[in-house]
Amino acid sequence: DGIRSLEDSLKEFTAFETLSGSNRYMCEQCARLVDARKGLRLKKLPPVLILSLSRFRYNWDNGAGRREKITDRFSFSTSLDLSPYLDDPARADSEECRYTLFSVVSHSGS
Numbered sequence: 001d002g003i004r005s006l007e008d009s010l011k012e013f014t015a016f017e018t019l020s021g022s023n024r025y026m027c028e029q030c031a032r033l034v035d036a037r038k039g040l041r042l043k044k045l046p047p048v049l050i051l052s053l054s055r056f057r058y059n060w061d062n063g064a065g066r067r068e069k070i071t072d073r074f075s076f077s078t079s080l081d082l083s084p085y086l087d088d089p090a091r092a093d094s095e096e097c098r099y100t101l102f103s104v105v106s107h108s109g110s
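As structure tokens, then:
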């Protein structure tokens, strides 16, 4: 899958997708299918950010969507800047966009 860091995960989660062809968007205002871009941007940020990583993927190769554990190494830094993911670029210089790692909880087992 190639996602081996928190930064890669955020980029993938917030990436814009082009909706076109058989995957066009139904516009409620004009009541027809239109080409569009879909993506996620953050409007508000919390004072304390808690991230929970699900280290599983679904394998659809056999058609059943079997859940598989991801055991690849995953990296993260001690600081995180969420400004690239904000809906308003004018807020990018704000301190509210920057977080410092305080704690890591690693769960082992079922």
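When the letters of the sequence shown are read in order and numbered with full-length UniProt numbering, they come out as residues 1 to 110.
Ideal Cβ placement from N, Cα and C applies to all residues, glycine included.
Because the structure is a prediction, the values reported are computed rather than measured.
Item, Value
"Rounded Cβ spacing between Y99 and L80 (contact assumed at less than 8 Å)", "5 Å"
"Own chain partners of C97 with C-beta closer than 8 Å, once the 5 adjacent residues on each side are dropped", "L45, D81, L82, S83, L86 and R91"
"Three-state secondary structure (DSSP) of residue 111", "Because the chain in this structure spans residues 1 to 110, residue 111 falls outside the shown range and cannot be described."
"Beta bridge counterpart(s) of T18 as assigned by DSSP", "R37"
"Reference E28, options N62, E7 and A36, closest by Cα", "A36"
"Whether G39 touches A64 by CB criterion (8 Å)", "no"
"Element boundaries [beta strand (DSSP E), containing S103]", "First-last for S103: undefined, no H or E at that position."
"Nearest-angstrom Cα separation, counted from T78 out to S22", "43 Å"
"Whole-number beta carbon distance between F74 and R4, since they are thought to touch under 8 Å", "6 Å"
"For K43, the three-state DSSP class (helix, strand or coil)", "coil"
"Close Cβ partners of L49 (< 7 Å) along its chain, the five nearest in sequence each way excluded", "Y99"
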